[in-house]
Amino acid sequence: MGRSQARRGRSRQHGAADWFLIGMVAAVILASLLPEWGRTGGLLHLDVIGNVGIFAIFFLHGIGLSTESLVHGASRWRLHLLVQLCTFGLFPLWWLVLNAAFGRFIPHDLMLGFFYLAVLPSTVSSSVAMTAMARGNVAAAVLNATLSTLLGVVLTPLLASLVFSGAANGQAMDLGATMLKVAQMLLLPFVLGQIARRFVGEWFQKVKPYTTWVDRGVILLLVWSSFSDSVADGLWSKHGIGLMAMTAVGVCLFLFPMLWVTRWIARRLGFDVEDEIVAVFCGSKKTLASGVPMARLLFAGNPSLGVVVLPIMFYHQLQLFVCSVMAKKYAARIEPVQPPR
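Mapped onto my numbering, the consecutive letters of the sequence shown carry residue numbers 2 to 342.
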């Protein structure tokens, strides 16, 4: 009975992921055909709607994330340190290597998009879901995903400012103004959500599956709006379909080395298989749910925003597919063999 329910749950997740992928493709097509509708100040005023949506997303994240989980399992400090160092340290360092090797062949704005991908926090829902599917240490996955999200609100803008200041289309990033905007649009709703959790936390757990549609709906609007600005600025006339090909290759050059490195380090440190799973999945994943809204705040008014978020859009789909395959292999590896009947 339990296995049947789990299979149905995974089936619903895969179905939702398929529709979300279709929605992202549709958003890019709409932006390409009707950029005047979705661009900043355009007919639909998606920039205004998007700001309201960003506030709503992080309010819901505040209700949904249990800060108590940071206390449980804190003794596994080596695992947690590894995951956070990979997320906010190893990824940016790897970008420096790739930039030195290939930066002169890749459009500047796209390379900046890869750096933005590198400084994003890990995911929450899919990291935990993949860890559970692989029969890993779910409690540690929850802790690391939560900690990564909280650190990302501060570290992502801070790290992004190191490269984006004056880099993207000559528009400098004012770190002070950016952090204030992040505090207003990300930290404030998150804190309000944490306060509200005390009163509606139990009810929220019952309706949490439905709030995923709010997350995804807002992300699709932001993708539409971001690409509308970029298309209006000449995205396709400047780069063409080759931009998509370079993005696809680029995300592979991030994901596969990171999966290998996190597994190698976990084994060198002597982690058991359950903790290795956490290191691999939490240490290699990047969040689309927070990444696109945060980009909208950090690079507001930048016509290259659509190019900047392109890598995380591709990376999101690739990590779901590859990590699903890996999770099944991990589960089979530690699953006890049933005796023949």
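Glycine included, every Cβ here is placed at the ideal spot set by N, Cα and C. Bear in mind the structure is a predicted one, so any value in this text is a computation, not a measurement.
{"Asked": "Whole-Å CB distance - residue 190 paired with residue 315, under 8 Å assumed", "Found": "Actually they are not in contact, since the Cβ atoms of residue 190 and residue 315 sit about 28 Å apart, beyond 8 Å."}
{"Asked": "CA nearest to the CA of residue 93, picked from 240, 274, 308 and 159", "Found": "159"}
{"Asked": "Beta-carbon proximity list for residue 133, same chain, < 8 Å, skipping 5 on both sides", "Found": "139 and 142"}
{"Asked": "When 28, 86, 307 and 148 are compared against residue 266, the one with the closest alpha-carbon", "Found": "86"}
{"Asked": "Contact check, residue 161 vs residue 120, beta carbons under 7 Å", "Found": "yes"}
{"Asked": "Cβ-based neighbour list, residue 33, same chain, cut-off 6 Å, excluding 5 preceding and 5 following", "Found": "232"}
{"Asked": "Own chain, CB closer than 6 Å to residue 61, minus 5 neighbours either side, in chain order", "Found": "212"}
{"Asked": "Distance between residue 317 and residue 326 (C-alpha atoms, nearest Å)", "Found": "15 Å"}
{"Asked": "Local Cβ density within 10 Å of residue 294, reported as buried at 16 or more and exposed below that", "Found": "buried"}
{"Asked": "Separation of residue 285 from residue 277, as counted between CA atoms", "Found": "12 Å"}
{"Asked": "C-alpha distance - residue 67 paired with residue 79, whole-angstrom precision", "Found": "22 Å"}
{"Asked": "Meets three-Cβ-pair contact criterion under 8 Å: the stretch 33 to 52 and the stretch 215 to 226", "Found": "yes"}
{"Asked": "Collapsed DSSP secondary structure at residue 39 in the structure displayed", "Found": "helix"}
{"Asked": "Inter-stretch contact (C-beta, 8 Å, three-pair minimum) for the stretch 99 to 112 and the stretch 176 to 183", "Found": "no"}
{"Asked": "Alpha-carbon to alpha-carbon, residue 91 and residue 97", "Found": "10 Å"}
{"Asked": "Helix, strand or coil at residue 230 according to DSSP, with G and I counted as helix", "Found": "helix"}
{"Asked": "Rounded C-alpha distance that separates residue 207 from residue 64", "Found": "12 Å"}
{"Asked": "Cβ pair residue 292, residue 227 closer than 7 Å", "Found": "no"}
{"Asked": "In chain order, each alpha helix (DSSP H) run of at least 4 residues that lies wholly inside the stretch 186 to 273", "Found": "189 to 233, 236 to 239 and 243 to 269"}
{"Asked": "Own chain, CB closer than 8 Å to residue 247, minus 5 neighbours either side, in chain order", "Found": "107, 108 and 111"}
{"Asked": "CB contact flag (residue 216, residue 58, <7 Å)", "Found": "yes"}
{"Asked": "Contacts around residue 240, its chain only, beta-carbon distance under 7 Å, and the 5 residues preceding and following it disregarded", "Found": "108"}
{"Asked": "Local conformation of residue 128 per DSSP, three classes", "Found": "helix"}
{"Asked": "Extent of the continuous alpha helix (DSSP H) to which residue 62 belongs", "Found": "47 to 65"}
{"Asked": "Length of the line joining the Cα atoms of residue 323 and residue 234", "Found": "34 Å"}
{"Asked": "Rounded distance between the beta-carbons of residue 187 and residue 154, thought under 8 Å", "Found": "5 Å"}
{"Asked": "When 35, 43, 82 and 243 are compared against residue 148, the one with the closest alpha-carbon", "Found": "82"}
{"Asked": "Cβ-Cβ separation, residue 122 to residue 1 (assumed contact under 8 Å), whole Å", "Found": "There is no way to answer for residue 1, as the model of the chain reaches only from 2 to 342."}
{"Asked": "Nearest-angstrom Cα separation, counted from residue 299 out to residue 51", "Found": "13 Å"}
{"Asked": "Beta-carbon proximity of residue 296 to residue 309, cut-off 7 Å", "Found": "yes"}
{"Asked": "Expected contact under 8 Å - CB spacing of residue 135 and residue 332 to nearest Å", "Found": "5 Å"}
{"Asked": "Selection from 77, 103 and 131 that minimises the alpha carbon distance to residue 271", "Found": "77"}
{"Asked": "Buried versus exposed call for residue 334 [16 or more other C-beta atoms within 10 Å across all chains shown]", "Found": "exposed"}
{"Asked": "CB contact flag (residue 126, residue 282, <7 Å)", "Found": "no"}
{"Asked": "Cα-Cα separation, residue 53 to residue 254", "Found": "35 Å"}
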